[in-house]
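K.L.:
The structure follows.
Protein chains: 2
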Amino acid sequence: MHGRIVRIATDALDANDTIAGANRADFDEHGTAVVNFMSAPGAGKTSLLERALEVLQHELSIGVLEGDVQGRFDADRISRFHVAVTQLDTDPGFGGECHLDANMVRSALSEIPLDGLELLVIENVGNLVCPGEFKIREHARVLVASVTEGEDEPLKHPLMFRACDLVLVNKVDLLTHLDYDLEEFLANLDEVHPDVPYILTSARTGMGIEAWCEWLRARAGAKRVRERARAHA
Amino acid sequence: MHGRIVRIATDALDANDTIAGANRADFDEHGTAVVNFMSAPGAGKTSLLERALEVLQHELSIGVLEGDVQGRFDADRISRFHVAVTQLDTDPGFGGECHLDANMVRSALSEIPLDGLELLVIENVGNLVCPGEFKIREHARVLVASVTEGEDEPLKHPLMFRACDLVLVNKVDLLTHLDYDLEEFLANLDEVHPDVPYILTSARTGMGIEAWCEWLRARAGAKRVRERARAHA
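Residue numbers (the numbering used here), protein chains in the order written: chain S, 1 to 233; chain W, 1001 to 1233.
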């Protein structure tokens, strides 16, 4: 059965790639920078997004697509900001899909006002395996790794750590209370994905939030440049 | 494509159930109590297992099956104990399977000396979605929830929290350093799975470890009773 699952999954991944291509074309046509935001459950994605939105909500036009197995807990948290929030439950899958795939994102696109958005953040399902396997064709992937997880997470989940463009090392305010070797984590990260940029963050104390916002600003910048060019044409 | 994945997955789950039945027959024939040990990545499964093995390694005959996407980091940690450790990498799946299924466990059974074991602990892949969907036909499921994750995890991952027989609420030594409402977590747990037993644990301070060991002892007890009866027959 194992081999059978693998073969089917390969077909599914091919189909996923085709749809992902269509998504990417839509993102690019509207000039919306799309960030796929991923982590294990409870690593602090929503809190880090809240802190960024506090700073950026009146500065950029931002959309958030919230992927969850069930419920709209995160979407409710985000909806107090001046952003366009869309909830996507993966529950129709068998017992709940463990990731967002291109088709799920595609099904939500009709509800997302892409044309007005400079930045779309897709908060993926909390999971360190499958979200790395299904392409959405986002422009960048951000992975949150909490220091309350083990130092060996990059080695245990190399696909996820290799596929990302930025790592937010979160909950660093807890470091003094943990038997956690940050240098060991960073060495493991470097082994799996040499030179990937990272930011030490704490959603609680605000550490690293300005750098995280600056990174998001740079991602959204492309659309501004394009529109400015169009206005002057 | 989404509907197609669901249909295929249903077939796969049917096949999985058949193999799971064969596993269960083997477990029961040897009188080995089998515990499926699950959590999000980094919640502390391996540390809690280490603490239990310190106490139980010379008291019970124990086997550990370590499921990981890649590597044998956890198996190496466990191998210093007087237990039979088997490593099962899910990597042959597409980019790494995110759970153990019945067939993966079956493929490892030839390397596990079931006949001599009173207790087999299967440490599943760190994931709060898929391990709840694939039956192994273990005798009991234990879920580790770390207080560094959110209070709303039971509501976000109801399948996992509903399917378990015991919840270890881990890393409680960090409670004083967190904005975490334990009562809220327990209320959410009760909403999803009323009256499920739970133990507050800290692998670091040892809190709750004796209760965790006692629970494992009770699970392994069945085989002892059977063998004692056989010896006196």
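The beta carbon of each residue, even a glycine, is placed where N, CA and C say it ideally should be.
#1: My understanding is that residue 145 of chain S touches residue 125 of chain S, with C-beta atoms under 8 angstroms, so please give their C-beta distance in whole angstroms.
#2: From what residue to what residue does the beta strand (DSSP E) around residue 146 of chain S run?
#3: In the stretch 1134-1156 of chain W, which residues sit with their C-beta less than 7 angstroms from some C-beta in chain S, listed in chain order?
#4: Specify, as a first and last residue, the run of the beta strand (DSSP E) that residue 38 of chain S falls within.
#5: Going along the chain, which residues of the stretch 1174-1208 of chain W sit with their C-beta nearer than 8 angstroms to a C-beta in chain S?
#6: Starting from the Cα of residue 163 of chain S, find the closest Cα among S/197, S/75 and S/45 and give me that residue.
#7: Within the same chain, show all residues whose beta-carbon is closer than 7 angstroms to that of residue 1200 of chain W, passing over the 5 residues directly before and after it, in chain order.
#8: Quick one, which of S/32, S/139 and S/68 has its alpha-carbon nearest residue 45 of chain S's?
#9: Would you call the CB atoms of residue 174 of chain S and residue 192 of chain S closer than 8 angstroms?
#10: Could you name the residues that DSSP lists as bridge partners for residue 1200 of chain W?
#11: Run down chain S in chain order and give the residues with a C-beta less than 7 angstroms from the C-beta of residue 1073 of chain W.
#12: Taking DSSP as the reference, what is the three-state secondary structure of residue 1183 of chain W?
#13: Report the CB separation of residue 1128 of chain W from residue 1157 of chain W in whole angstroms; it is logged as a contact under 8 angstroms.
#14: Three-state secondary structure (DSSP) at residue 1025 of chain W?
#15: Looking at the structure shown, is residue 1151 of chain W part of a helix, part of a strand, or coil, going by DSSP?
#16: Short of 7 angstroms Cβ to Cβ, which residues in the stretch 37-55 of chain S face chain W?
#17: Examine chain W for any beta-carbon lying closer than 8 angstroms to the beta-carbon of residue 31 of chain S, and answer yes or no.
#18: What I want to know is whether the C-beta of residue 1048 of chain W ends up closer than 7 angstroms to one or more non-hydrogen atoms of the ligand GDP.
#19: Strictly under 8 angstroms for the Cβ-Cβ distance: is residue 1129 of chain W near chain S by that measure?
#20: Can you tell me which of the three DSSP states residue 123 of chain S falls into?
#21: Cβ closer than 7 angstroms: which chain S residues qualify as neighbours of residue 1068 of chain W?
#22: Smallest Cα separation from residue 1031 of chain W: which of W/1150, W/1023 and W/1117?
#23: Is the beta carbon of residue 1154 of chain W sitting closer than 8 angstroms to the one on residue 1178 of chain W?
#24: Near residue 967 of chain W, which residues of its chain fall below 8 angstroms by C-beta distance, leaving aside the five closest residues on each side in sequence?
#25: Return the CA-CA distance between residue 102 of chain S and residue 137 of chain S, expressed in angstroms with no decimal places.
#26: Please report whether the beta-carbon of residue 1063 of chain W lies at a distance below 8 angstroms from any beta-carbon of chain S.
#27: Report yes if the C-beta distance between residue 122 of chain S and residue 37 of chain S is below 8 angstroms; otherwise report no.
#28: Could you tell me whether the Cβ of residue 98 of chain S comes closer than 8 angstroms to any Cβ of chain W?
#29: For residue 1062 of chain W, name the three-state secondary structure that DSSP assigns.
#30: So, at 7 angstroms on beta carbons, what are the nonlocal neighbours of residue 135 of chain S in its own chain, with the 5 sequence-adjacent residues on each side left out?
#31: For a contact defined as C-beta to C-beta under 8 angstroms, what are the partners of residue 125 of chain S on chain W?
#32: CA-CA distance, residue 1114 of chain W and residue 1212 of chain W?
#33: Closest by CA to residue 78 of chain S, which one among S/70, S/90, S/63 and S/217?
#34: What do you reckon, are the CB atoms on residue 1061 of chain W and residue 1143 of chain W nearer than 8 angstroms?
#35: What are the start and end residues of the alpha helix (DSSP H) that includes residue 1105 of chain W?
#36: Is residue 23 of chain S closer than 8 angstroms to residue 105 of chain S when the C-beta atoms are compared?
P.N.:
Quick answer:
#1: Translated into the one-based positions of the first sequence, residue 145 of chain S becomes position 145. Translated into the one-based positions of the first sequence, residue 125 of chain S becomes position 125. Residue 125 of chain S and residue 145 of chain S do not touch by the CB rule: their CB atoms are close to 16 angstroms apart, not below 8 angstroms.
#2: Numbered from 1 along the first sequence, position 146 holds the residue referred to as residue 146 of chain S. Residue 146 of chain S -> beta strand (DSSP E) spans 140-146.
#3: Going along the stretch 1134-1156 of chain W in chain order, one finds 1146, 1148, 1149, 1150, 1152, 1153, 1155 and 1156 with a Cβ nearer than 7 angstroms to chain S.
#4: For the purposes of this step, residue 38 of chain S is taken as residue 38 along the first sequence, with counting starting at 1. Boundaries of the beta strand (DSSP E) around residue 38 of chain S: 33-39.
#5: For the stretch 1174-1208 of chain W, which is checked against every Cβ of chain S, the residues closer than 8 angstroms are 1174, 1177, 1178, 1179 and 1204.
#6: To locate residue 163 of chain S, count along the first sequence from 1; it is residue 163. Of the candidates S/197, S/75 and S/45, the residue whose Cα lies closest to the Cα of residue 163 of chain S is S/197.
#7: By 1-based counting over the second sequence, the position of residue 1200 of chain W is 200. So the list reads 1169, 1172, 1207 and 1208, once near-sequence residues are dropped.
#8: Here residue 45 of chain S is taken as the residue at index 45 of the first sequence, counted from 1. The shortest Cα separation from residue 45 of chain S among S/32, S/139 and S/68 belongs to S/68.
#9: Stepping through the first sequence from its first residue, residue 174 of chain S is reached at position 174. Stepping through the first sequence from its first residue, residue 192 of chain S is reached at position 192. Against a cut-off of 8 angstroms, the Cβ pair of residue 192 of chain S and residue 174 of chain S comes out as no contact.
#10: As a position in the second sequence, residue 1200 of chain W is number 200, starting the count at 1. Its beta-bridge partners are W/1169.
#11: Here residue 1073 of chain W is taken as the residue at index 73 of the second sequence, counted from 1. Ordered by position in chain S, the residues that pass the 7 angstroms Cβ test against residue 1073 of chain W are 152, 155 and 156.
#12: Your numbering for residue 1183 of chain W matches position 183 in the second sequence. Three-state result, residue 1183 of chain W: helix.
#13: Your numbering for residue 1128 of chain W matches position 128 in the second sequence. Your numbering for residue 1157 of chain W matches position 157 in the second sequence. Cβ atoms of residue 1128 of chain W and residue 1157 of chain W come within 8 angstroms of each other, at about 4 angstroms.
#14: Along the second sequence, one-based indexing puts residue 1025 of chain W at 25. Looking at residue 1025 of chain W - three-state DSSP - the assignment turns out to be helix.
#15: Working through the second sequence from its first residue, we reach residue 1151 of chain W at position 151. In the structure shown, residue 1151 of chain W sits in coil (DSSP, three-state: anything other than H, G, I, E or B).
#16: Taking 7 angstroms as the Cβ-Cβ cut-off against chain W, the residues of the stretch 37-55 of chain S that qualify are 40, 41 and 42.
#17: Translated into the one-based positions of the first sequence, residue 31 of chain S becomes position 31. At a cut-off of 8 angstroms between beta-carbon atoms, residue 31 of chain S makes no contact with chain W.
#18: Of the ligands one can find in the structure shown there are none, so the ligand GDP has no counterpart to examine.
#19: Translated into positions along the second sequence, residue 1129 of chain W becomes position 129. Yes, contact with chain S.
#20: Counted from its first residue, the first sequence places residue 123 of chain S at position 123. Under the three-state reduction of DSSP, residue 123 of chain S is assigned to strand.
#21: Counting from 1 along the second sequence, the entry for residue 1068 of chain W is found at position 68. Here the neighbours are 156.
#22: Against the second sequence, residue 1031 of chain W aligns to sequence position 31. Checked all of W/1150, W/1023 and W/1117; the closest Cα to residue 1031 of chain W is W/1117.
#23: As a position in the second sequence, residue 1154 of chain W is number 154, starting the count at 1. As a position in the second sequence, residue 1178 of chain W is number 178, starting the count at 1. Not in contact: residue 1154 of chain W and residue 1178 of chain W (Cβ atoms no closer than 8 angstroms).
#24: Since the first residue shown for chain W is 1001 and the last is 1233, residue 967 of chain W is missing from the structure and cannot be characterised.
#25: Stepping through the first sequence from its first residue, residue 102 of chain S is reached at position 102. Stepping through the first sequence from its first residue, residue 137 of chain S is reached at position 137. Going from the Cα of residue 102 of chain S to the Cα of residue 137 of chain S covers about 8 angstroms.
#26: As a working mapping, residue 1063 of chain W is identified with position 63 in the second sequence. Taking CB atoms only, residue 1063 of chain W has no neighbour in chain S less than 8 angstroms away.
#27: Taking the first sequence and counting its residues from 1, one reaches residue 122 of chain S at position 122. Taking the first sequence and counting its residues from 1, one reaches residue 37 of chain S at position 37. Yes, Cβ-Cβ distance for residue 122 of chain S and residue 37 of chain S is below 8 angstroms.
#28: Here residue 98 of chain S refers to the residue found at position 98 when the first sequence is read from its first residue. Cβ-Cβ to chain W under 8 angstroms: yes for residue 98 of chain S.
#29: In the second sequence, counting from the first residue as 1, residue 1062 of chain W sits at position 62. Here residue 1062 of chain W sits in strand by DSSP.
#30: The sequence position of residue 135 of chain S within the first sequence is 135, counting from 1. Only 16, 17, 20 and 102 meet the Cβ criterion.
#31: Here residue 125 of chain S refers to the residue found at position 125 when the first sequence is read from its first residue. Neighbours of residue 125 of chain S on chain W, chain order: 1129.
#32: Translated into the one-based positions of the second sequence, residue 1114 of chain W becomes position 114. Translated into the one-based positions of the second sequence, residue 1212 of chain W becomes position 212. Roughly 22 angstroms separates the two Cα atoms.
#33: Position 78 of the first sequence, counting from 1, holds the residue named residue 78 of chain S. In terms of Cα proximity to residue 78 of chain S, the closest of S/70, S/90, S/63 and S/217 is S/63.
#34: Against the second sequence, residue 1061 of chain W aligns to sequence position 61. Against the second sequence, residue 1143 of chain W aligns to sequence position 143. With respect to the 8 angstroms criterion, residue 1061 of chain W and residue 1143 of chain W are not classified as neighbours on the basis of their beta carbons.
#35: Here the question's residue 1105 of chain W lines up with position 105 in the second sequence. Per DSSP, the unbroken alpha helix (DSSP H) holding residue 1105 of chain W starts and ends at 1102-1109.
#36: Numbered from 1 along the first sequence, position 105 holds the residue referred to as residue 105 of chain S. Numbered from 1 along the first sequence, position 23 holds the residue referred to as residue 23 of chain S. In contact: residue 105 of chain S and residue 23 of chain S (Cβ atoms closer than 8 angstroms).
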